[in-house]
Ligand code: PGA
């Protein structure tokens, strides 16, 4: 069955040097591919012709915020996307649902596409609260059809990030369908929901085949060009 929405493969390099060579990170005709380097490597990625995003951005356009970078600056640097609310930001920098929502709004206003990350911890899943958690995280967001830029979502169960444990394809599909059901009707069919958490060549194909999974947000495997290339190839094959 052909995919309803164009697949999107995102490489989140986190606080790691940009891998080499860069050409395997190029977008293809059938699949969107974007890289999310550390701020200092954004210019290099853009010069290499890659579709690029930032891993974070401030909600204010300018001001006395030492060490921060605004959405307007990220846009001016040539980025198209920005991650908002990655669980590592929520955890290590205590970013709240309300703060993440402000960032997403600022990104949309700056003409960037925010990719908002949501997902539960292991404790929350064991207590069967995973749906309540993503619902709370989603409800805070500016999910309006009239936004000029597309907002994307990434479901990233925290227990699967960097742990080698992946949600099974049916587990991920169930959560993606649930998330989609919570979206306003007018954006339900078009919003792309990526899966993140130990995505790798071995599971990419099966995950991408699921009806409500529209791409992958790849951390560890995106630092290994050959593995990333295999993931993009899986997406191209699933799209065909
Ligand atoms: P991982 O990271 O692929 O290394 O689990 C995913 C992410 O944090 O976006």
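Numbering (my numbering), first residue to last: 103 to 342. Glycine residues also receive a C-beta, built at the ideal position from the N, C-alpha and C atoms.
**Request:** Please determine, among 168, 260, 166 and 174, the residue with the shortest C-alpha to C-alpha distance to residue 156.
**Result:** In the chain shown, the residue the question calls residue 156 occupies position 54. With distances taken between Cα atoms, residue 156 lies closest to 174.
**Message:** Extract the residue ranges of the alpha helix (DSSP H) inside the stretch 128 to 183, only unbroken runs of 4 or more that lie entirely within it.
**Reply:** Every unbroken stretch of the alpha helix (DSSP H) spanning 4 or more residues and falling wholly within the stretch 128 to 183 is given here in chain order: 144 to 149 and 173 to 178.
**Request:** Thinking residue 317 and residue 110 are a contact (beta carbons under 8 Å), I'd like their distance in whole angstroms, please.
**Result:** On the chain shown, position 215 is the one that residue 317 refers to. On the chain shown, position 8 is the one that residue 110 refers to. About 3 Å separates the two Cβ atoms, so the contact holds.
**Asked** Quick one, which of 186, 269, 197 and 262 has its alpha-carbon nearest residue 208's?
**Response** Mapped onto the chain shown, residue 208 falls at position 106. Sorting 186, 269, 197 and 262 by C-alpha distance to the C-alpha of residue 208 places 186 at the top.
**Prompt:** Of all the alpha helix (DSSP H) runs that stay within the bounds of the stretch 220 to 268, which reach a length of 4 or more residues?
**Reply:** Within the stretch 220 to 268, complete alpha helix (DSSP H) segments of at least 4 residues are found at 224 to 228 and 232 to 241, given in chain order.
**Message:** Need the endpoints of the beta strand (DSSP E) that residue 111 sits in, please.
**Reply:** Locating residue 111 in the chain shown gives position 9, where the first residue counts as 1. Segment 110 to 114, the beta strand (DSSP E) holding residue 111.
**Asked** For the ligand PGA, any of its heavy atoms closer than 8 Å to the Cβ of residue 114?
**Response** For the purposes of this step, residue 114 is identified with residue 12 of the chain shown, where counting begins at 1. Taking 8 Å as the cut-off, the C-beta of residue 114 counts as close to a heavy atom of the ligand PGA.
**Prompt:** Where does residue 121 fall in DSSP's three states?
**Reply:** Within the chain shown, residue 121 is the residue found at index 19, counting from 1. In the structure shown, residue 121 sits in coil (DSSP, three-state: anything other than H, G, I, E or B).
**Request:** Taking residue 325 as part of the beta strand (DSSP E), name the residues at either end of that continuous run.
**Result:** To locate residue 325, count along the chain shown from 1; it is residue 223. Run containing residue 325: none; DSSP gives neither H nor E here.
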